[in-house]
Amino acid sequence: FLTTRFFQTQHLPLGNLYESLMFLSWGFFRLSAPVLATSALLVHAFAVLSLPHKMRESMSLVPALQSQWLMMHVSTTLISYATLLFGSLLAIVLLSIFHGEIKRYCVGNLTNNFEFRNKNYPLISKNFPETNHYGKKCQLIHLLDKWTYQAISLGFSFLTIGIISGAVWANEAWGSYWSWDPKETWALITWLIYAIYLHIRINKKWMGKGSAMAASMGFFLVWICFLGVNLLGVGLHNYGWLI
308 FLTTRFFQTQ
318 HLPLGNLYES
328 LMFLSWGFFR
338 LSAPVLATSA
348 LLVHAFAVLS
358 LPHKMRESMS
368 LVPALQSQWL
378 MMHVSTTLIS
388 YATLLFGSLL
398 AIVLLSIFHG
408 EIKRYCVGNL
418 TNNFEFRNKN
428 YPLISKNFPE
438 TNHYGKKCQL
448 IHLLDKWTYQ
458 AISLGFSFLT
468 IGIISGAVWA
478 NEAWGSYWSW
488 DPKETWALIT
498 WLIYAIYLHI
508 RINKKWMGKG
518 SAMAASMGFF
528 LVWICFLGVN
538 LLGVGLHNYG
548 WLI
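Following the working numbering, the numbering of the sequence shown begins with 308 at its first residue and continues without gaps.
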C-alpha cells in the first residue's frame, strides 16, 4: 500500500492521519509481528473503517507539508510511536506478572540463581534455580525489563529527533520554533514521561515494577498525542483531524 500510495501522490505517504496510521501499522509488523500483529490489525481496521472516505483518497499535500522536512519529522515521529508503544506494552506485561499470584521482586542477573523479596516479608533467603517455576518467572521479568528498556531507549531517540526536526520545520513554516500547539504540548509531555522512565530505570531500586509503571503511562500518552489531540481539530496539526 505505502509503495502504491507513493507513486500515486509523488510524496512520502505521511500527509494525513489515514496515511500515518497505515505507516504505523506497517511499523508494528516490521518491529515485531508476533507481538504486535493484533495492534497492527486494529490500527489498520480503524484507519479503513473509521476515517472519512475523502481522507483515504490520494491527494496532493497541503502547503504546510510541502517541505523537505516531511520525511525526517513525520517518519521519525511515527517510528518513535511504534517503538515506544511496543516498549510500553512489554512494560504492561511485566506489571501483570508483578500483580499475579506472587508479588515478589527479583534481584540478581540472568546467569545466576534468583532471589525473591516480598513486600510483606523482610526477606525470603531461599534461592530458586532457573529451572524452578519461580526462577523462570523471575527470568521472564528480567528479560521483559531489558527489552522494555531497549525499545524505549530507541523510541525516545527517534522522538527526540522528531521533536527537534519539527521545531526547525515550524520555524521555517511559521517563524516560530515552538507555539504550544496541542500536539506539540502532548509530545513534550510524552517525551518527559519517557525521560523520567529512562532516569529511574538507572536506579536499581526502581528497576522492574517502578520503571515499568512509568513506561506503561507512556502507552496512553502516545495514543493521546497521536490521536487524542486530533479530536480537537485545532492547532497547527489540524490537517489530520478526525471530525
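Where is the CB? At the ideal position from N, CA and C, for every residue including glycine.
Option nearest residue i by Cα separation, candidates the options
i    : options                   : result
S382 : V536, L397, G525 and I470 : I470
L447 : K490, S464 and S403       : S403
A398 : M520, L495, W493 and I503 : M520
M329 : L385, M378 and I507       : L385
S460 : N478, E326, L499 and L505 : L505
Q375 : L534, G517 and E479       : E479
L377 : W485, A474, L401 and S332 : A474
G525 : T390, A347 and L349       : T390
Y456 : I468, F533, I509 and F405 : I509
K444 : P489, F405 and W333       : F405
M379 : W498, A458, F465 and F533 : F465
S395 : S518, A494 and F533       : S518
T467 : W333, W498 and F393       : W498
Q532 : W333, S523, Y388 and G334 : Note that residue 532 corresponds to Cys in the displayed sequence, not to Gln. If we check each option's Cα against that of C532, Y388 comes out closest.
I507 : E326, A522, E491 and A458 : A522
L534 : A494, G462 and A502       : A494
G462 : V529, W333 and S332       : V529
Three-state secondary structure (DSSP) of residue i
i    : result
D488 : coil
V414 : With a pLDDT of 46 at V414, under the threshold of 50, the predicted position of this residue should be treated as unreliable, though the coordinate-derived value follows. In the structure shown, V414 sits in a strand (DSSP, three-state: E or B).
N478 : helix
S483 : coil
K511 : coil
W530 : helix
V536 : helix
Q446 : helix
Q457 : helix
E437 : Note that E437 scores 48 on pLDDT, short of 50, meaning its location in the model is unreliable; the coordinates nonetheless yield the value given after this. E437 falls in the coil class under three-state DSSP.
E408 : Any answer about E408 is weak, because its pLDDT of 45 lies below 50 and its placement is not dependable; what the coordinates show is given next. The answer is coil: DSSP assigns E408 none of H, G, I, E or B.
Buried or exposed (CB count within 10 angstroms, at least 16 for buried), residue i
i    : result
V536 : buried
A352 : exposed
K512 : exposed
G482 : exposed
I500 : buried
F527 : exposed
K453 : exposed
W476 : buried
S486 : exposed
Integer Cβ distance of residue i from residue j, believed to fall under 8 Å
i    : j    : result
L348 : V400 : The Cβ separation is near 19 Å, so there is no contact.
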